[in-house]
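Below: one structure, written as C-alpha cells.
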Amino acid sequence: MLTTTFFPKSFASDNHAGVHPAILAAIAEANAGDAPAYGADPWTKAMEDAFRAEFGDQATAYAMFNGTGANVVGLGLMLRPYDSVLCPATAHINTHEGGAAERVLGAKLVPCPTDDGKIAVDGIRDHLSVIGNTQYAQPRVVSISQVTECGTAYTAAEIAELAEFLHSRGLFLHMDGARLANAAAELGCSMRALTTDAGVDVLSFGGTKNGAMGAEALVILRPELDPPALFLRKQGMQLASKMRFVSVQLTALLTDGLWRENAAHANAMAHRLADGVSDLPGVSLRWPVQSNAVFPALPEKAITELQQRYLFHMWDANENVVRWVTSFDTTPEEVDTFVSDIRTVVSAHS
1 MLTTTFFPKS FASDNHAGVH PAILAAIAEA NAGDAPAYGA DPWTKAMEDA FRAEFGDQAT
61 AYAMFNGTGA NVVGLGLMLR PYDSVLCPAT AHINTHEGGA AERVLGAKLV PCPTDDGKIA
121 VDGIRDHLSV IGNTQYAQPR VVSISQVTEC GTAYTAAEIA ELAEFLHSRG LFLHMDGARL
181 ANAAAELGCS MRALTTDAGV DVLSFGGTKN GAMGAEALVI LRPELDPPAL FLRKQGMQLA
241 SKMRFVSVQL TALLTDGLWR ENAAHANAMA HRLADGVSDL PGVSLRWPVQ SNAVFPALPE
301 KAITELQQRY LFHMWDANEN VVRWVTSFDT TPEEVDTFVS DIRTVVSAHS
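Okay, here's the thing in C-alpha cells:
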C-alpha cells in the first residue's frame, strides 16, 4: 500500500497537499445511492446557490475539473475569432498552461511586462492603440491572476480601476482566481469585493489549491456572457458525468467559511516561514508575502542541499530565487523545522 510517507515534506505547491476532512466527508455523503448525471442533481444545485450567495444573485457557476479548463472556457465566452488577450508576462495562462488558450481558442495572448505579477492601466494602455487596425489581433480581454504568480495580491481598488478603464473601452476583465481565497483572506475582505463589486466579468475559481480533491469553477459575473457557457464547457471537455462529486467539494468550501479558514491558515504559515528566515544574511525576499507563497533568494549551494531534504521549486535560476508554498494542512511545527534547517544550511554557505 502506497502512503505519502515516501515523500519528504513539500513546500513546492499547495497542489501537493491532501484533501480537507470536511470535503472528504462531503464527497462520502454524496456517494449514497444514485443521482442524475451531468449536473442534474441536488448537489450541483446547492453548489450554484452557494456561489450566488458568495458572489451575488447574478453569478452563475459551472463546476470544472481544473483551472486550465476553466480559464479556456471562460475566455472563450468573451472572444471573437480575431481577438487577443492581454495578460501579465508571468500569467499562468501564458506560462504554465501549455498554450491551451491559443491552441483551443485560436486566440493570441499578448504578455505585458510586470515587476510583481500585477498589471495596471498604464501597463496596457499602449496595447489598445491597435484597436480598429485590421493588421492586428484586437484586444478584447485582459486577464489577471489573483493572487499573482509572484504571490502578490491586487486590492479591490486596483481591480476596480482596471475594470472601469476596460469597460469604458468595450473590453472585458477575466480573473484567474486559483488563489482568490488567499487574497481575500490576506486583505480581510469578501471574495465578492475582489470580483463582482470590483467589476470582474468572468472568474475562474480555485478549489483544489485550497483543500479540495479536484474542483474548480467557472463563475460568470456578467449575465449576458452566460448563454454559450453550457456548450463551451462540453466542447472544452469539462462536463463531468458524475458532477455531484465535483460540485459537493465546492459547496463544502463555501459553507461556514471553510474557504477562508483554509486560506488564512496557509497564509499565516507563509508569513511564519518568511519571518523565520528574513533576517538571515544571504537571504532576501523578492516580493512581499501577501498570500501563501514566499520567494526568497538563497545561496546556490544552500538551495541544492535543502532540496535534498524538502520539495520546493527553483523560480529564477539566474538570481537563485526559489518558491516556497504553504497549504491548509501545513503545521507550525513543520514550518519551524524547515526554518531551523534553512538557517543551519544557509549559515554554512554564507
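All residue numbers for the sequence shown refer to full-length UniProt numbering, where the first residue is 1 and numbers rise by one.
Beta carbons: idealized from backbone N, C-alpha and C, even for Gly.
In this structure Ala-183 is in contact with Leu-194, their Cβ atoms being roughly 6 Å apart against a cut-off of 8 Å. Apart from sequence neighbours up to five positions away, the residues of its chain that approach Leu-306 with a beta-carbon distance below 8 Å are Leu-298, Phe-312, Asp-341, Ile-342 and Val-345, ordered along the chain. With contacts defined by Cβ atoms closer than 8 Å, Phe-172 and Arg-192 do not form a contacting pair. Around the CB of Gly-74, 16 or more other CB atoms lie within 10 Å, so the residue is classed as buried. Within the same chain, and ignoring the five residues on either side of Ala-101 in sequence, the residues whose Cβ sits closer than 8 Å to its Cβ are Asn-71, Val-72, Leu-75, Val-85, Ile-93, Ala-107 and Leu-109. Counted as a single uninterrupted DSSP element, the beta strand (DSSP E) harbouring Thr-60 occupies residues 60-64. Every unbroken stretch of the alpha helix (DSSP H) spanning 4 or more residues and falling wholly within the stretch 118-178 is given here in chain order: 121-124 and 156-167. The continuous alpha helix (DSSP H) containing Phe-55 extends over residues 42-55.
By the Cβ neighbour-count rule, Pro-296 is buried, with 16 or more other Cβ atoms within 10 Å of its own. Exposed is the label assigned to Met-237, since fewer than 16 other Cβ atoms lie within 10 Å of its Cβ. Remark: three or more beta-carbon pairs, one from each stretch, lie closer than 8 Å, so the stretch 147-156 and the stretch 107-127 are flagged as touching. For Met-237, no beta strand (DSSP E) run applies, since DSSP gives it neither H nor E. In the structure shown, Phe-205 falls within a strand segment according to DSSP collapsed to helix, strand and coil.
Fully contained in the stretch 225-287 is no beta strand (DSSP E) run of length 3 or more. Each of Glu-216, Ala-61 and Leu-273 was checked against the Cα of Pro-227, and the nearest Cα belongs to Ala-61.
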